[in-house]
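First the structure, in the form of structure tokens, and then the observations on it.
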Amino acid sequence: MGTMTLYHGEPNGPSLTVLAALYETGLDADLVAIDLSIGERHGKAPLGVESAMSIEGEGPVLEVNGEAMADSVFLAQYLDERAGGAGLQPKEPFAHWEMMMWCRYIIERVAPAAAYLGNRTHGTARLKTLDDTAFEALTGAIASEDLKQRWIEVRCGDFDEAKVADSATKISEAVDKLEARLADGRDWLMGDFSIADLESYAWLAGMVSVLSSAFNEAENTAAWMERVKTRPSVAAALARARSDDPTSAWAPGPEINRWG
Amino acid sequence: MTGKVALYHWEPNANSGKPMLALAEKGVAYESHYTDLLSFDQHKPDYLKMNPNGTIPVMKHGDRVLTESTAIMEYVNEAFEGAALMPEDVQDRWRIRWWMKFMDQWLGPSFSMLGWSMFVGPSVRQKDPAELDAAIERIPLPERRIAWRKAISGNFSEAEMAESKRRVALGVAMLEKELGRHEYVASDQYSLADINWFNSTYSLPLGQPDLAGKDKTPNIMRWLRQVYHRPAVQETWTKGRTDLASRYRLVMEEID
């Protein structure tokens with residue numbers, strides 16, 4: 002099936018999902034750590050149409066058979082299926098539909114909000130370390146016009162207050178949804194552990210410090226986050242961090258939905 | 412799982428067309444509930460009881476209620492016997508999912524913005540303003556309320572429209588290139604990705620002649636012809652009620 006090379010950033014957001022999914026499957030891949038927060042994906046990783054135009058934004062790239070693959074949920078599915086079914090997706094069609102709906106909610110509503118707030122808190126300061134020439138070289142290498150625009154907004158610190166408020170609401174709603182989902186005492190969101198746990202945790206872990214108010218009194222969520230964090234695959238992914246706090250590593254992510 | 416299949420759908424077009432075509436390809440008979448988008452059927456109390464988000468389509472399978480057109484298609488492919496609409500190859504499966512997401516979340520909304528400003532907005536504007544206002548107030552998702560208001564008043568900003576046009580032109584160019592790389596969208600076999608893309612692109616040669624046509628996009632035209640002739644497509648298109656259905660014929664007269 003071809004050897005795999007995974008170009009990943011700090012274990013946060015989509016890089017965390019894919020690294021942990023890889024460890025869940027036990028498959029072999031060459032791991033190449035790059036700094037997504039200063040745009041090293043554009044230059045140090047191979048990019049094809051799907052990775053250059055990925056609407057996930059700055060996620061990891063998995064190279065297999067000369068093809069540069071992107072989008073964390075689909076990469077996790079790929080790894081699970083390549084391993085012949087590593088238990089990351091329910092087999093029963095309706096349960097599978099529920100997992101995909103949950104993941105869709107995370108990538109469409111929660112991830113854009115988390116990326117907006119995460120970049121506002123951490124990304125702008127990080128990009129000040131690039132001078133104008135270096136930043137222009139970076140944006141000049143980005144094929145997707147709308148992704149390029151998001152980089153420029155982060156570097157300028159140009160965050161719309163209405164979007165900030167809406168993003169905070171989206172994160173609070175996600176925590177409420179987790180609380181409700183976990184209220185019956187289940188360990189994992191879909192019953193059995195799945196990609197839904199990885200993707201939800203990966204985007205929300207960094208929100209605890211950015212928007213702590215959303216997590217007040219969210220006991221089920223706190224306990225679930227601890228379970229995910231200490232799961233061997235996730236712990237192994239987090240151990241690959243090169244910084245003290247990988248939850249502060251952010252790069253432009255998916256855009257906020259243009260019209261609902 | 413056994414049980415009756417019922418589908419709540421609008422025209423065999425965009426999101427409604429996806430489960431309609433997937434079910435037809437699998438040979439699954441279903442009870443058809445035509446849900447008129449232009450009369451806001453999807454925001455009426457009985458419909459909202461079934462799908463609180465007020466989006467079309469909805470599929471019922473026995474007691475199960477499913478929403479989101481691409482996710483419904485994946486369910487249909489997994490839950491029913493019949494032709495496989497996803498290949499076995501795991502890398503093809505990844506690519507198919509990628510192209511469907513790209514349509515659903517990046518390109519599709521731009522197609523919708525153009526389509527709504529040209530078709531849905533003008534069609535709905537004929538209705539009584541008070542009735543329209545009440546209908547919009549019943550829309551559960553705030554983002555959708557804003558979109559409907561803009562569509563009805565023709566109020567998409569110039570910047571929004573320009574960005575949608577940019578995306579549509581880029582998406583068409585990407586599709587043309589992809590269909591030079593593969594026989595079908597994202598793989599060499601007919602799959603859910605083709606159903607997904609076909610539903611939003613079948614009328615391109617008619618609606619966007621400056622972007623797609625015999626000379627400009629030969630790969631797209633080849634692919635449209637292949638998909639158009641599938642029995643499932645022919646059968647499904649007879650379920651259309653608006654003049655969207657007659658547009659199919661015009662497109663195909665052009666490419667056959």
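Chains as they are written, first to last, in our numbering: chain A, 2 to 261; chain W, 412 to 667.
For every residue, glycine included, the Cβ atom is placed at its ideal position computed from N, Cα and C.
Since we're looking at a predicted model, the values are computed, not measured.
Item                                                                                                                                   : Value
Contact check, Tyr106 (chain A) vs Lys164 (chain A), beta carbons under 8 Å                                                            : no
Contact with chain A by Glu569 (chain W), beta-carbon distance below 8 Å                                                               : no
Element boundaries [beta strand (DSSP E), containing His593 (chain W)]                                                                 : Careful: His593 (chain W) lies outside any beta strand (DSSP E) and carries neither H nor E.
Closer than 9 Å at the beta carbon, the chain W residues around Tyr79 (chain A)                                                        : Val501, Gln502, Arg504, Trp505, Arg508
CB contact check: Met5 (chain A) to chain W, cutoff 8 Å                                                                                : no
Between the CA atoms of Glu479 (chain W) and Thr466 (chain W) - distance to the nearest angstrom                                       : 8 Å
Residue-chain proximity (Phe530 (chain W), chain A), Cβ-Cβ < 8 Å                                                                       : no
Three or more C-beta pairs below 8 Å linking the segment 227 to 235 of chain A and the segment 21 to 30 of chain A                     : yes
Within-8 Å CB hit, Gln516 (chain W) to chain A                                                                                         : yes
Complete beta strand (DSSP E) runs within the segment 491 to 549 of chain W (minimum length 3 residues, chain order)                   : none
Continuous beta strand (DSSP E) stretch holding Asp605 (chain W): start and end                                                        : From DSSP, Asp605 (chain W) is part of no beta strand (DSSP E) but of the alpha helix (DSSP H) over 603 to 612.
Own chain, CB closer than 6 Å to Leu183 (chain A), minus 5 neighbours either side, in chain order                                      : Asn221, Trp225
Test: Tyr486 (chain W) CB closer than 8 Å to a CB of chain B                                                                           : No chain B is present in this structure, whose protein chains are A and W.
N- and C-terminal bounds of the beta strand (DSSP E) containing Asp147 (chain A)                                                       : That residue, Asp147 (chain A), is in no beta strand (DSSP E); its alpha helix (DSSP H) goes 146 to 157.
Three or more C-beta pairs below 8 Å linking the segment 160 to 178 of chain A and the segment 80 to 95 of chain A                     : no
Reduced DSSP category for Arg110 (chain A) - H, G, I as helix; E, B as strand; rest coil                                               : helix
Distance, Val469 (chain W) Cα to Asn462 (chain W) Cα                                                                                   : 7 Å
Residues that Arg268 (chain A) contacts on chain W, provided the C-beta gap is smaller than 9 Å                                        : Absent from the structure is residue 268 (chain A), since the part of chain A shown begins at 2 and ends at 261.
Between the CA atoms of Trp559 (chain W) and Lys538 (chain W) - distance to the nearest angstrom                                       : 14 Å
Expected contact under 8 Å - CB spacing of Thr6 (chain A) and Asp36 (chain A) to nearest Å                                             : Contact doesn't hold; Cβ gap of about 17 Å is too wide.
Whether Ala417 (chain W) touches His454 (chain W) by CB criterion (8 Å)                                                                : no
CB contact check: Pro520 (chain W) to chain A, cutoff 8 Å                                                                              : yes
Per-residue DSSP class, three states only, for His640 (chain W)                                                                        : coil
Listed by chain order, chain W residues near Arg259 (chain A) by CB distance under 7 Å                                                 : Pro520
Residues from the segment 461 to 495 of chain W in contact with chain A, defined by Cβ distance under 7 Å                              : Arg475, Leu477, Glu479, Ala482, Glu485, Tyr486, Glu489, Ala490
C-beta neighbour in chain W for Pro253 (chain A), strict 8 Å                                                                           : no
Chain-order list of residues whose beta-carbon lies under 8 Å from that of Val111 (chain A) (same chain, five-residue window excluded) : Lys171, Ile172, Ala175, Ser201, Trp204, Leu205
Amino acids of chain W, ordered along the chain, whose beta-carbon sits closer than 7 Å to that of Glu109 (chain A)                    : Gln516
Within-8 Å CB hit, Trp152 (chain A) to chain W                                                                                         : no
For Glu442 (chain W), three-class secondary structure by DSSP                                                                          : strand
Within 7 Å of chain A by C-beta, residues of the segment 522 to 551 of chain W in sequence order                                       : Met524
Contacts that Asp72 (chain A) makes with chain W (C-beta to C-beta distance below 7 Å)                                                 : Trp509, Lys512
The segment 419 to 434 of chain W / the segment 124 to 142 of chain A touching (three or more Cβ pairs under 8 Å)                      : no
Same chain only: Cβ atoms within 7 Å of Val211 (chain A), ignoring 5 sequence neighbours per side                                      : Leu118, Gly119, Thr122
For Lys45 (chain A) and Trp103 (chain A), the rounded distance between their alpha carbons                                             : 32 Å
CA nearest to the CA of Ser195 (chain A), picked from A:Ala219, A:Thr4, A:Leu89                                                        : A:Leu89
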